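Our numbering puts the first residue of the sequence shown at 359, with every later residue one more than the last. Reviewing the structure listed below.
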Amino acid sequence: VQRIFDGIQESISKNNIQSDIHFSKLPNVIAKLVAVAGILKETESADMKKGAVNAIQDLYEVVHHEVLFVDLSGNIDDWSQINRARAEGRLFSNLKWPNEPGLKDMIKRLHSLLTIKESAANVPKNLEASRRLQFFTNSLFMQMPLARPVSEMLSFSVFTPYYSETVLYSIAELQKKNEDGISTLFYLQKIYPDEWKNFLTRINRDENAADTELFSSANDILELRLWASYRGQTLARTVRGMMYYRKALMLQSYLERMHSEDLESAFDMAGLADTHFEYSPEARAQADLKFTYVVTCQIYGVQKGEGKPEAADIALLMQRNEALRIAYIDVVESVKNGKPSTEYYSKLVKADIHGKDKEIYSVKLPGNPKLGEGKPENQNHAVIFTRGNAVQTIDMNQDNYFEEALKMRNLLEEFSQNHGKFRPSILGVREHVFTGSVSSLASFMSNQETSFVTLGQRVLSNPLKVRMHYGHPDVFDRIFHITRGGISKASRIINISEDIFAGFNSTLRQGNITHHEYIQVGKGRDVGLNQIALFEGKVAGGNGEQVLSRDIYRLGQLFDFFRMLSFYVTTVGFYFCTMLTVLTVYIFLYGKTYLALSGVGESIQNRADIQGNKALSVALNTQFLFQIGVFTAIPMILGFILEEGVLTAFVSFITMQFQLCSVFFTFSLGTRTHYFGRTILHGGAKYRATGRGFVVRHIKFAENYRLYSRSHFVKGY
């Protein structure tokens, strides 16, 4: 047997495994191995031992005669001795029965893994479910650190800033119809038909039930609101996703405490749902020690005082998620010495057993904390309530998946891995944009963003070493950043893009930013043209402010030549080149106009034809204008090829051309150039609220003209 393994290992080392082994016969080996494991997992007896010897002999013969080629099997053993030993009953007769508990458990698990069979009927039909399973299984073959037990893992917090965005869709919002009679609920039913059927099944409603039947009970109304909110860019979706971390830790902690017999019986009962791990006090306590989720709702106190529905919805989320903590700024008006006085407190609350807010911490502030940009100030006042070794920043329009949460322990181990001269200070995490199916524009943004968070950030991290923090969901070394200025820069105007300045700050202080693609988090993007334009305008304006910042200057002075060029191209250089591209179009068109009006253009073209100067002829062609949009999509095309294959990438690219993606990307060039150039010349970059809802109404021309007049219409004319 040892010589069989040695021969196979030698074949692998010589790269002859394909020619030395019949891979088509491996199912026969698996069948024999199942028979062996099925016998060995039982209690030892004379009959069982005899059956095990015969089963191992059958396995040995299958490997010899069917799996191994003659040239390999002929060098392994003397056939006559093997046949004589089997005829006399001596082959494997000295089998030692596996009575050790650890070895017995391994055999039982092997038998369970080999005998579990999934039929095609159990394969999920939902494309999103298939995509998640595909990524999860592929990620298991990637290089990732081994996870420690839950009791020994690094503790971490998840941190989400929130202002006044949608928490839960109300029934009025879902039923409100546009000018064509289309409501948000109807829209969701059409783009998620299979999920809508599953929802009706869960609440015991017929597929043909009218919408009015869904509003018959308060519980059904709440479930409907949650179903719709879990498919939009809402705080409820984010909270549900981040709570999967706690659920995953509870499951992992529970399994670590289970005895092998209980674990085997759980597999025999077709799942771990019957083990009730969520009700284990030990598992819940262990998960709460290692995980904290803080949502910093800056104006929650004001919303609660005014009786706004957002406050009631946030309170509902706290009641449904006991580990959720809400941080907010409490403003207390009082009179001291006959003069009005205003005091500010940072408070952290949770829901008690009666569903009421229970104050955990209250920290008096020296004054109004909102001095700079709103979002980073919102983060800075509440970062003191996070705990643990790491903090993951999550935006309020993100999502998470249970299977990805299982790998969080592995990701946290990256802090102790060797990633170069300095230990990691920020762990970059891959994103999946889940809004790509909403519209064609949303799919363009989704594909463009996916190429950046995979191909782009992978190269920026290694070998260029210039990856920064481009927003959520990166994982920060909490101690490193709290002692070096926090995770957000909040100076007004200059830090409008507060995310990337955290990366600048970390790099300047000898931090190391890495990127890891075996784990991902969901991310929502803008789905309408106006939303996309406002978002790109905000990012371009923020990049213009970066050009004027001292952080860029210091990094440029400290980087070596090659790293400096890489840093330039991947930050301000990208927008500067975009501006040059648009200026080149102006020069090209004015030049063509001059040549046409002066009459010189025709003579130049004739001279080029006579002399055979093809380069000049090509330069005079106007097709360059239409190629700009294609050029900007090249990273996206390469990402398609790498992720899905050449044929699928080609079909997707052609489909996007029919959807006028080149026009959209060319339009985006104008948006970026306008806001970037205006910020450089005049300053004044500001945060632009884009709105994250579904676009189910037609935008009037007057509104479009007001939005794009200076950036596109005037410049186009």
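Yeah, the Cβ is synthetic: ideal placement off N, Cα and C, and Gly gets one too. Note that this is a predicted model, so its numbers are computed, not measured.
Going by Cα to Cα distance, which pick from the options is closest to residue i?
i       : options                              : result
Met616  : Ala641, Val597 and Thr592            : Ala641
Leu449  : Asp416, Tyr952 and Ser849            : Asp416
Glu402  : Pro456, Met601 and Thr942            : Pro456
Phe1052 : Arg850, Leu913 and Ala800            : Ala800
Ser907  : Thr939, Ile852, Val420 and Glu419    : Ile852
Ile1038 : Thr990, Leu498, Val1004 and Met937   : Met937
Glu691  : Ser699, Asn971 and Ala685            : Ser699
Gln610  : Ala669, Arg506, Tyr527 and Ile858    : Arg506
Tyr520  : Asn452, Thr570, Gln591 and Ala389    : Gln591
Leu923  : Val988, Phe780 and Leu822            : Leu822
His777  : Tyr759, Gly869 and Val749            : Gly869
Glu553  : Glu486, Gly665, Val1009 and Leu729   : Glu486
Phe649  : Gly957, Tyr658 and Met601            : Met601
Phe363  : His422, Asn412, Ala393 and Glu400    : His422
Arg583  : Leu426, Leu546 and Ser382            : Leu546
Val516  : Thr744, Val392 and Gln533            : Thr744
Leu764  : Gly599, Glu856, Pro993 and Lys694    : Gly599
Gln677  : Gly725, Val411 and Ala594            : Ala594
Phe1034 : Gly902, Gln1015, Cys1019 and Val1009 : Gly902
Ser587  : Met754, Glu701 and Asn738            : Met754
Gly409  : Ile366, Lys383 and Leu453            : Leu453
Ala1060 : Asn888, Gln969 and Thr928            : Asn888
Phe760  : Arg1036, Arg490 and Lys535           : Arg490
Asn679  : Ser774, Ile711, Glu664 and Gly843    : Ile711
Ile388  : Lys716, Phe893 and Ile474            : Ile474
Based on the DSSP output, what are the partners of residue i in its beta bridges?
i      : result
Cys655 : Tyr520
Gly379 : Per the sequence shown, residue 379 should be read as Ile rather than Gly. Answer is Leu426, bridged to Ile379.
Asp715 : Ala709
Ile784 : Phe834 and Ile871
Pro698 : Val693
Ala748 : Phe514 and Asp835
Lys722 : Tyr703
Tyr686 : Lys705
Val791 : Lys881
Thr650 : Ser515
Asp753 : Its beta-bridge partners do not exist; DSSP assigns none.
Could you tell me if residue i is buried or exposed, where buried requires 16 or more neighbouring beta carbons within 10 angstroms of its beta carbon?
i       : result
Asn863  : buried
Ser1067 : exposed
Val1072 : exposed
Met500  : exposed
Thr358  : Coverage of the chain is limited to positions 359 through 1075, which leaves residue 358 absent and any answer about it impossible.
Arg850  : exposed
Asp835  : buried
Pro459  : exposed
Arg1064 : exposed
Phe780  : exposed
Ala628  : Any answer about Ala628 is weak, because its pLDDT of 48 lies below 50 and its placement is not dependable; what the coordinates show is given next. Exposed, since its Cβ has fewer than 16 Cβ neighbours within 10 Å.
Cys1019 : buried
Ile1057 : exposed
Asp632  : Bear in mind that a pLDDT of 49 at Asp632, under 50, signals an unreliable position, so the number given afterwards is only what the model happens to contain. It counts as exposed.
Tyr612  : buried
Val1009 : exposed
Ser975  : exposed
Phe469  : Correcting the residue identity first, residue 469 is His in this sequence and not Phe. Classification for His469: buried.
Thr942  : exposed
Closer than 8 Å, CB to CB, is residue i near chain C or not?
i      : result
Ser692 : Looking for chain C here will not work: only one protein chain is present.
Considering only residues of the same chain and omitting the five flanking positions on each side of residue i, which have a CB-CB separation below 8 Å?
i      : result
Gly861 : Ile784, Arg825, Met826, His827, Tyr828 and Ile871
Val721 : Tyr703, Ser704, Lys705 and Ile742
Glu571 : Arg563
Val940 : Leu1027, Gly1028 and Thr1031
Asn433 : Any answer about Asn433 is weak, because its pLDDT of 48 lies below 50 and its placement is not dependable; what the coordinates show is given next. Excluding positions up to five away in sequence, the list reads Gly365.
Val420 : Lys383, Asn386, Val387 and Lys390
Leu729 : Glu735, Ala848 and Arg850
For residue i, which residues in the same chain have their Cβ closer than 6 Å to its Cβ, ignoring the five residues on either side in sequence?
i      : result
Gln661 : Glu668 and Ala669
Asn736 : Pro519, Thr654 and Gln656
Keeping to the same chain, check which residues put their C-beta closer than 7 Å to that of residue i; ignore five residues upstream and five downstream.
i      : result
Thr808 : Val791 and Gly997
Ser488 : Pro482
Problem set entry | Any alpha helix (DSSP H) of 4 or more consecutive residues that is wholly inside the stretch 934–969 | 958–969
Problem set entry | Completely contained beta strand (DSSP E) runs for the stretch 870–937, where each covers 3 or more residues | 871–881
For this session: Return the chain-ordered ranges of every beta strand (DSSP E) run that is complete within the stretch 501–572 and spans a minimum of 3 residues.
Result: 514–520
For this session: Jot down the residue ranges of each uninterrupted beta strand (DSSP E) in the stretch 793–860, minimum 3 residues, whole runs only, in chain order.
Result: 833–835
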